[in-house]
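**Q** Quick note on the working numbering: the sequence shown kicks off at 5 and runs consecutively.
Yeah, the Cβ is synthetic: ideal placement off N, Cα and C, and Gly gets one too.
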Amino acid sequence: MFYLNKIVRRNILALKPYSSARDEFSGKEGVFLDANENPFGILNRYPDPHQKELKKKLSEVKAIPVENIFIGNGSDEVIDIVFRTFCNPGKDKALTFSPTYGMYEVSAGINDAELITISLNSSFQIDFNDLGKYLNDDNLKLIFVCSPNNPTANNISKVEQILENFKGIVILDEAYNDFSSNGSFLKNLEKYPNLIISQTFSKAWALAGARVGIAYASSEIISLFNKVKPPYNVSELNQKAAINALINIEEFETKKALILKQKNILEQELKSLDIIKKIYPSDANFFLVETSNADKIYNELVKQKVITRNRSSMVKNCIRITVGTPEENCKLVNALKNITL
Ligand SMILES: *Cc1c(COP(=O)(O)O)cnc(C)c1O
Numbered sequence: 005m006f007y008l009n010k011i012v013r014r015n016i017l018a019l020k021p022y023s024s025a026r027d028e029f030s031g032k033e034g035v036f037l038d039a040n041e042n043p044f045g046i047l048n049r050y051p052d053p054h055q056k057e058l059k060k061k062l063s064e065v066k067a068i069p070v071e072n073i074f075i076g077n078g079s080d081e082v083i084d085i086v087f088r089t090f091c092n093p094g095k096d097k098a099l100t101f102s103p104t105y106g107m108y109e110v111s112a113g114i115n116d117a118e119l120i121t122i123s124l125n126s127s128f129q130i131d132f133n134d135l136g137k138y139l140n141d142d143n144l145k146l147i148f149v150c151s152p153n154n155p156t157a158n159n160i161s162k163v164e165q166i167l168e169n170f171k172g173i174v175i176l177d178e179a180y181n182d183f184s185s186n187g188s189f190l191k192n193l194e195k196y197p198n199l200i201i202s203q204t205f206s207k208a209w210a211l212a213g214a215r216v217g218i219a220y221a222s223s224e225i226i227s228l229f230n231k232v233k234p235p236y237n238v239s240e241l242n243q244k245a246a247i248n249a250l251i252n253i254e255e256f257e258t259k260k261a262l263i264l265k266q267k268n269i270l271e272q273e274l275k276s277l278d279i280i281k282k283i284y285p286s287d288a289n290f291f292l293v294e295t296s297n298a299d300k301i302y303n304e305l306v307k308q309k310v311i312t313r314n315r316s317s318m319v320k321n322c323i324r325i326t327v328g329t330p331e332e333n334c335k336l337v338n339a340l341k342n343i344t345l
């Protein structure tokens with residue numbers, strides 16, 4: 005069984021959150037002399053600390069109640085808030101799979117949580133025999149699952165199996181789910197009180213510069229996050245940018261379709277090159293490709309001003325390539341053709 009009150013840090017459970025001027029009076033009309041703001045200007049007022057308008061729009065688009073939504077300053081802030089809510093520094097542990105997104109490890113380090121890393125199998129899926137050894141550790145509070153996984157690009161299957169056998173929290177990072185042929189796991193949110201799903205405006209929504217990340221979870225977990233977050237964690241500019249993106253959903257769909265089409269074209273092009281040994285199946289907007297010599301190819305590409313991500317320290321001889329515009333993909337392919345090893 006999952007008991008939230010056993011998992012959360014005592015100090016956070018007992019915490020009385022900062023009450024901002026905008027918490028105490030949230031009406032729109034009035035003479036505001038309560039927050040020591042400058043009365044002149046355009047961005048002179050503090051933003052809505054609860055991002056009500058953004059959450060309302062998101063709630064409509066995702067069919068998830070507003071009280072199950074938390075907005076962070078990028079999903080990287082969401083990851084940090086998860087650690088601060090659940091992991092006692094110097095005592096508790098988190099678990100991630102390898103290879104995966106590097107911020108889980110960095111955030112664990114910052115928050116002084118011990119990190120257990122277990123390898124994905126040769127198909128980049130979870131080895132449940134290996135995982136099973138750790139599930140009964142009372143100090144293990146968090147398990148991070150990234151699906152589609154970065155940098156391997158595949159969906160991770162059987163997340164239910166972890167949720168059902170672990171009495172801590174599972175964070176399912178769906179940063180790339182918009183590109184995936186599998187639907188989101190969001191439809192199962194109600195079923196699992198120990199599930200947090202994170203998504204972001206940084207990838208398919210084309211707003212990496214705006215820094216807006218989302219956590220979906222039980223209203224009890226969301227209430228805890230609201231205590232831990234800085235009062236005005238998402239700026240007015242960022243909230244507006246995300247609201248605009250949600251209003252222009254057709255533009256989102258059009259660009260996503262274009263990226264997916266380009267992804268197919270790029271895959272065919274890459275397949276025809278001798279220096280590309282293998283293209284791993286991708287459910288995201290990037291490819292993990294095995295090359296004949298990743299370090300050399302990466303550097304040769306940089307010389308031609310084409311920047312990819314060298315992942316050879318994680319998966320031998322692999323580089324990660326993002327699907328760009330038709331012109332960018334063309335430059336990449338031409339640059340690869342210029343390389344002789
Ligand atoms: C890019 C990415 C994110 C996005 O983080 P933001 O802070 O929202 O920009 C989250 N998770 C993974 C796995 C990513 O690759």
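Tell me whether the beta-carbon of T326 lies closer than 8 Å to the beta-carbon of N289.
**A** Taking 8 Å as the Cβ cut-off, T326 and N289 qualify as a contacting pair.
**Q** First and last residue of the alpha helix (DSSP H) that includes A249?
**A** Its alpha helix (DSSP H) spans residues E240 to I251.
**Q** Taking only runs of the alpha helix (DSSP H) that begin and end inside the segment 176-256, which ones reach a length of at least 4 residues, in chain order?
**A** Whole alpha helix (DSSP H) segments, 4+ residues: 223-232 and 240-251.
**Q** Do the segment 315-324 and the segment 266-274 make contact, defined as three or more Cβ pairs closer than 8 Å?
**A** Touching, no, given that fewer than three Cβ pairs across the two stretches are closer than 8 Å.
**Q** Counting along the chain, where does the beta strand (DSSP E) carrying E118 start and finish?
**A** Unbroken beta strand (DSSP E) run through E118: E118 to S123.
**Q** Assuming I218 and L62 make a contact with CB atoms under 8 Å, what is their CB distance in whole Å?
**A** Yes, they are in contact, since the Cβ atoms of I218 and L62 sit about 7 Å apart, within 8 Å.
**Q** Is it a yes or a no for the segment 95-102 touching the segment 222-229, going by three-plus beta-carbon pairs under 8 Å?
**A** Judged by Cβ distances under 8 Å, the segment 95-102 makes no contact with the segment 222-229, as fewer than three pairs qualify.
**Q** Go to T346, then tell me how far its beta strand (DSSP E) extends in each direction, as first and last residue.
**A** Missing from the structure shown is residue 346; the chain here goes from 5 to 345 and no further.
**Q** Using the C-alpha atoms, what's the distance from I122 back to D134?
**A** If you take the alpha carbons of D134 and I122, they lie about 7 Å apart.
**Q** Which first and last residues belong to the beta strand (DSSP E) in which V163 is found?
**A** Note, V163: premise wrong, no beta strand (DSSP E); alpha helix (DSSP H) at V163 to N169.
**Q** Give me whichever residues DSSP pairs with T326 in a beta bridge.
**A** In the DSSP output, where bridge partners are listed per residue, T326 has F290.
**Q** Taking a contact to mean a Cβ-Cβ separation below 8 Å, would you say K56 touches I73 in this structure?
**A** No, these two residues do not count as a Cβ contact at 8 Å.
**Q** Give every residue of the same chain whose Cβ lies closer than 7 Å to the Cβ of R215, excluding the five residues on either side of it in the sequence, and list them in chain order.
**A** Same-chain partners within the cutoff: N77, G78 and N242.
**Q** To the nearest angstrom, how far is the alpha carbon of Y180 from that of P152?
**A** Taking the straight line from one Cα to the other gives about 6 Å.
**Q** Tell me the DSSP secondary structure of I348 in three-state form.
**A** The requested residue 348 does not occur in the structure, where the chain is confined to residues 5 to 345.
**Q** Taking the alpha carbon of E332 as the point to measure from, which residue in T344, V310, L345 and I343 has its own alpha carbon closest?
**A** Of T344, V310, L345 and I343, the residue nearest in Cα terms is V310.
**Q** Indicate, with yes or no, if ligand 1 has a heavy atom lying under 7 Å from the CB of A179.
**A** Under cutoff, so the answer is yes.
**Q** Smallest Cα separation from T204: which of A246, E294 and V174?
**A** Of the candidates A246, E294 and V174, the one whose C-alpha sits nearest the C-alpha of T204 is A246.
**Q** Less than 7 Å separating the Cβ of N154 from some heavy atom of ligand 1?
**A** Answer for N154: yes, Cβ within range of ligand 1.
**Q** Please report how far the alpha carbon of N143 lies from the alpha carbon of K95, in whole angstroms.
**A** Near 7 Å, if we compare the C-alpha coordinates of K95 and N143.
**Q** Verify the contact flag: S79, CB atom, against every heavy atom of ligand 1, threshold strictly below 7 Å.
**A** For ligand 1, at least one heavy atom lies less than 7 Å from the Cβ of S79.
**Q** Indicate whether the contact test is met: 3 or more Cβ pairs, each with one atom in the segment 83-93 and one in the segment 63-70, closer than 8 Å.
**A** No: fewer than three Cβ pairs fall under 8 Å.
**Q** Taking the runs of the alpha helix (DSSP H) that are 4 residues or longer, which of them lie wholly in the segment 258-319?
**A** If we require 4 residues or more, the alpha helix (DSSP H) runs fully inside the segment 258-319 come out as 298-307.
**Q** Roughly how many angstroms lie between the CA atoms of Q129 and D84, to the nearest whole one?
**A** Computed Cα separation, rounded: 25 Å.
**Q** Which stretch, first to last residue, makes up the alpha helix (DSSP H) that contains I75?
**A** Note, I75: premise wrong, no alpha helix (DSSP H); beta strand (DSSP E) at I73 to G76.
**Q** Less than 8 Å between the beta carbons of N198 and V174, yes or no?
**A** It is a contact, given that the beta carbons lie within the stated cut-off.
**Q** Can the beta-carbon of L193 be found less than 8 Å from the beta-carbon of F170?
**A** No, these two residues do not count as a Cβ contact at 8 Å.
**Q** Check for me: the alpha helix (DSSP H) holding S127 runs from which residue to which?
**A** Note, S127: premise wrong, no alpha helix (DSSP H); not H, not E.
**Q** Going by other Cβ atoms of all chains shown within 10 Å of its Cβ, with 16 needed for buried, is K191 buried or exposed?
**A** Exposed.
**Q** Taking the beta carbon of R14 as the centre, do at least 16 other beta carbons fall within 10 Å, making it buried, or is it exposed?
**A** Per the 10 Å Cβ criterion, exposed.
**Q** Do you know whose CA, among L146, K137 and L37, lies nearest F87's CA?
**A** Taking only the C-alpha atoms, the option nearest F87 is L146.
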